[in-house]
Structures are given as C-alpha cells and as structure tokens.
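Sequences listed follow chains A and B, in order.
With the first sequence counted from 1, adding 4 to any position gets you my numbering.
With the second sequence counted from 1, adding 4 to any position gets you my numbering.
Yeah, the Cβ is synthetic: ideal placement off N, Cα and C, and Gly gets one too.
First up is the structure itself, then whatever we jot down about it.
Protein chains: 2
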Amino acid sequence: MRLNGKNRFPAIDFYRYFYGKDCKSGKPLNLYLVSLAHDHLTKIQHHLASLDQSTREALDDATQFKSYKKNEYLLLAGEVCKSGFQIVSGVARKFYLNDGKEITTELFFADDIAVSLESYTGQKPSREYIQALEPLSASITYYQTFQELKQQHKSLLELDLMMTEYYALWLEERLFQFHTLDATERYKLLLEKQPHFVQQIPLTYLASYLGVSLETLSRIRAKI
Amino acid sequence: MRLNGKNRFPAIDFYRYFYGKDCKSGKPLNLYLVSLAHDHLTKIQHHLASLDQSTREALDDATQFKSYKKNEYLLLAGEVCKSGFQIVSGVARKFYLNDGKEITTELFFADDIAVSLESYTGQKPSREYIQALEPLSASITYYQTFQELKQQHKSLLELDLMMTEYYALWLEERLFQFHTLDATERYKLLLEKQPHFVQQIPLTYLASYLGVSLETLSRIRAKI
DNA sequence: TATTTTATTTGACCTACATCAAATTCGACT
DNA sequence: AGTCGAATTTGATGTAGGTCAAATAAAATA
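Below is the structure:
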C-alpha cells in the first residue's frame, strides 16, 4: 500500500502529552515531559522525511489496508499480535480484562499506531484487546515483514527505536499523571490538551482510561 | 573498561516482574506480563552473548568505571543525562520532585542500567534525579559514544531497541499494578518477587516507589 | 554511655473516590 | 411520535489510604 510520498508512521497524535502547566494552580507544573514528547515526535518526523526512496517504497509495499466495523476487534486476547495497525481513519481502544472488568489503557486516532507491545515484541498471545470504536480503516504492517525490513534498512531499525522510546516516554508521562494529579485534574488536562478524546470517546471508556469510575467522571463533568 | 568476556548490559534484574499469580487470592492472575519480561530478558541475554568480538571490545572500550558515595547523585535535575550508568555494585534510586515531595520511580541494583529516559534520549535537562543509596560503583557509557557505536554496529542498535522495549514493558507492568492491585497486594508482590528491595531499601523510598505514604506502608507491614 | 538525630510505628481524623441503586435523559428503531 | 434499551446523571453510603501529630525505636555522634 502506498500513499505516494505522504509520510507513514507519522504523527502518533502530535499533540498528545504536550503539556505545559498545572491545571489546578495554573502555575508551571514540575512536569516530567512537558515538551519532550513533542520534540521526540519532531525527531521521528524528521527521520521519516529523510528516509531514502527505496526504504520508503519497501515500507509502503509491505503494508495493506483493512477495514473494521464498529466494535470489531483488531486484536483479541489470546491471539498473537502479528501486525502493527496504523489508524487511517476511525477510533480504537486497547484494553484488558481484570476481574471481569475492562480497563482501557490507550486510545487511538488517525495516524496512531496500535499494537499490544508485549504480544508484538514477543510474538506471544496477547492479554490485551484492540477494538474499533467506530468504523475504522487501518494500514497494516506485519511483524515478520517489518523484522526483515529492519534488517535490510537500518533507518527502519532506528525508526522502531524512536517509536519505542516515544511509547516509553508516553507511559512515563501516564504514570506521572496518576501519581501527581487527582481525577479532576487529569480530566481537565485531557480536556485542554486532547479535546477530541472527550468529544469522540464514550464516557465509559474515557473514565476507564482516566482511571476513575463512570459515576465519578460524570460528577466531575457536572462540577466543572 | 573491559570485563573480559563477562556479559555487559545484562541482567537488569532477571527476576523483576516475573509474576505468576495474584497475591490476594492465590489464583492465577490475569496478569499482563507474567513471564513476558523474563522472556524478553532472555532475548537480550542471547543477543549479548552473540555480539561479535569487535563489537564487544568496542563497547567495553567505550565504558569507564566511576564510584559514588552514599547519597551522592549520579544525575541531578537540570543536568543533561549524558551517559547511561550500569550499576556494578550498590543501590540507586531515580526520583522527581512534585510539590516539594520526592517521588521515587525506579530502584537500581547490580547490573541494572540507570538513566533518565527523557533526558537521555532527548539530551535535554532532566527532571529526574538519580541518587546512590549506598556506596556505589557504576560502569558508564556516554550517550554520544554509544550513538556512534550504534551507527557502526547494527547489533548495538538492536540491543538498544530491545532494552527500550524492555523498559516499556516494565512501565506497562507498573501501570497495570497500580490499576489492579491495592497497596497491600503491591507490597506483598514486591516481598515475594523482589525481597531484596524490601531488605535493602529504606522504608521512605520503598513507600514512594509503591505509591503509598510511609505510614500506610508501616501499617501494612505490621498487619501482615 | 549519654545525647541527639533520624527512622518507624501508632493514633485520630479526613477526603477522594468507589460502589450500589434509582432516576433520568438520549437514541435507535418500529 | 412512541417505545425500548443504553448511556448518563444523581443520591446515599462505605472505605482505602492520606495527613497531621505524637510516641517509640533505632542509629549516629559526642
């Protein structure tokens, strides 16, 4: 699949976690990442822009489109995550089951790449589900193929490293937020920095993603 | 610095996050990683073992030892994390300040590699501190040097990717635990799987690492 | 060994948030 | 428009764990 010249593996949501200040006090927050993630994404963009022609073509040729209906699963727990899904359009979520309850850990929008890292990197059964929340189309790159491509094109190996670093930074940021912000602050931050999350994601999933109960999130919204 | 043949960049604590069951019920836990991290470390070990001679020597030559006194900082907030620290002996912690309070995010033992990822990968001022908790010696590899080595030796680029993946998996596991276990369960798990943490780390830091107050941890210990 | 300092425990109280349950609003479909 | 089911809100109540303060215990230093 080719997108003639248009960057692939690009944005991973450019605005995600580009936070600058504490939403409670309004004063600069002692924030872990602040603009870090932003810089890191810029780095990735640059890297992508400077991929040589043959690499880009090899990469494009290795991918294919696939469409999913609303609520359809891109990945089921128990399956091996044999490919990475770059969202072309639509919205998806990643979640796991604990004690019979779904815990949503990540939300995916256009350009984001959805994988279950543990399953993908180890090629073992996933404990996570990836589910389309609305009709969705994704460009798919198979693990096996990408592994081979990385051997042939060092720049793709570098790309993989950068994206993994980015994910790790994102996880650090998430941990940071859970440790330092209360539910209201987390919601306000989301509202400020990723308003599309709030607009497009059903409350249940949003609450789970923010680590609060549905009822509490509802009260928070009423209060603000 | 050479360690004639002995693997470097190795363990990162082989037993870390190799959990199999729920400490509350004793029944198998719907656990995210279970043996995943273990497998991933095995993969890293294999990769290390199969580095070719020239690569290993280049790597060894690029490192040097450094010793730190108790409470001395390997990295201060505000500084750029210009190197990775592989602990040879001693114990260290990573923490940041929030609202004047220290939040400990990671504990390092022999063979672990201590860095501030955001600072290291972006070569920008760190928001985290890394501090020796007792007399410590570390083998140091400079960022700049390692970047160059990665260009010359693809296997080191692959190594970096694997280690970053490992760190991301570790972060996922940590998030998982915070979402699914209460303070007592987290402590019990730590006690079961990483007893050396409990033995060697002062309670204050341990509490912070577990995300509870000092007093609560003290009560948990009294209760068990 | 006595004395100060630091680490840990214990107690009393409080708050953010969960849980359960009922009410309401919103949408989809006939 | 009217009906059914799902999503969201609102209410009442419970609790894990935080905070502040005081009491020990342990460690360091004179």
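Quick one, which of the options has its alpha-carbon nearest residue i's?
i	options	result
B:I134	B:Q155, B:T109, B:D115, B:Q148	B:T109
B:E76	B:K192, B:V202, B:R97	B:R97
B:I48	B:G88, B:V216, B:K158, B:D164	B:D164
B:F112	B:T220, B:Q198, B:I224	B:Q198
A:S217	B:E219, B:Q148, B:H183	B:H183
B:L193	B:E61, B:L55, B:E219, B:I228	B:I228
B:S123	B:F89, B:E106, B:G82	B:G82
A:A114	A:E132, A:R131, A:F89	A:F89
Roughly how many angstroms lie between the CA atoms of residue i and residue j, to the nearest whole one?
i	j	result
A:D186	A:Q155	45 Å
A:S39	A:L45	At A:S39 the pLDDT is 43, less than 50, meaning the model places this residue with poor confidence and gives no usable figure here.
B:F22	B:L79	Residue placement at B:F22 cannot be trusted, given a pLDDT of 31 that sits under 50; what the coordinates show is reported in the next sentence. Looking at the two C-alpha atoms, the distance is approximately 29 Å.
A:F150	A:T208	35 Å
A:S222	A:V202	12 Å
A:I91	A:L63	16 Å
A:L153	B:D56	22 Å
A:D116	B:A211	36 Å
B:S159	A:E106	39 Å
A:N84	A:D65	Here residue 84 of chain A turns out to be Val, not Asn, going by the sequence shown. Distance between the alpha carbons of A:V84 and A:D65 is about 23 Å.
B:F99	A:F69	43 Å
A:T188	A:G104	26 Å
B:T67	A:T220	52 Å
B:E61	B:H42	27 Å
B:A226	B:L195	14 Å
B:E177	A:R131	12 Å
A:I205	B:Q181	25 Å
B:D26	A:G215	Low per-residue confidence applies at B:D26: pLDDT is 31, beneath 50, and the placement is therefore not dependable enough to give any value.
B:M166	A:M166	12 Å
A:Y213	B:Y213	22 Å
Which residues in chain B have a C-beta closer than 9 Å to the C-beta of residue i? List them in chain order.
i	result
A:I107	F180, H183, T184
A:G215	F182, H183
A:H44	E122, T125, G126
For a contact meaning CB atoms closer than 8 Å, what does residue i contact in chain A?
i	result
B:Y171	A172
Taking the alpha helix (DSSP H) that residue i falls in, what are its first and last residues?
i	result
B:Q90	Where B:Q90 is concerned, there is no enclosing alpha helix (DSSP H), although the beta strand (DSSP E) it sits in stretches over 87-93.
A:F112	Here A:F112 belongs to no alpha helix (DSSP H); instead the beta strand (DSSP E) covers 105-112.
B:R131	Where B:R131 is concerned, there is no enclosing alpha helix (DSSP H), given that its DSSP letter is neither H nor E.
B:S143	Note, B:S143: premise wrong, no alpha helix (DSSP H); beta strand (DSSP E) at 140-146.
B:S222	218-227
B:L71	Contrary to the premise, residue 71 of chain B reads as Ser rather than Leu in this sequence. Not the alpha helix (DSSP H): B:S71 falls in the beta strand (DSSP E), residues 67-72.
B:L78	B:L78 -> not in any alpha helix (DSSP H); beta strand (DSSP E) instead, spanning 77-79.
B:Q203	199-204
A:H183	158-184
B:S212	207-214
A:G126	121-126
Return yes when the Cβ of residue j is within less than 8 Å of the Cβ of residue i, no when it is not.
i	j	result
B:S87	B:I144	yes
B:T125	A:T168	no
A:L121	A:V95	no
A:K74	A:P139	yes
B:I224	B:Y170	no
B:H157	B:T59	yes
A:E162	A:H50	no
B:L175	A:L101	no
A:S141	A:S71	yes
A:A172	B:A172	yes
B:Q127	B:Y147	yes
Along chain B, in chain order, which residues have C-beta atoms closer than 7 Å to that of residue i?
i	result
A:T168	L165, T168, E169, A172
A:L175	A172, L175, E176, L179
Against residue i, what residues of chain A qualify as contacts under a CB-to-CB distance less than 9 Å, listed in chain order?
i	result
B:L161	K158, L161, E162, L165
At what residues does the beta strand (DSSP E) containing residue i begin and finish?
i	result
B:A96	96-102
Is residue i near the ligand FAD, judged by its Cβ being under 7 Å from some heavy atom?
i	result
A:L165	With respect to the ligand FAD, the structure shown offers nothing to examine, as it has no ligands at all.
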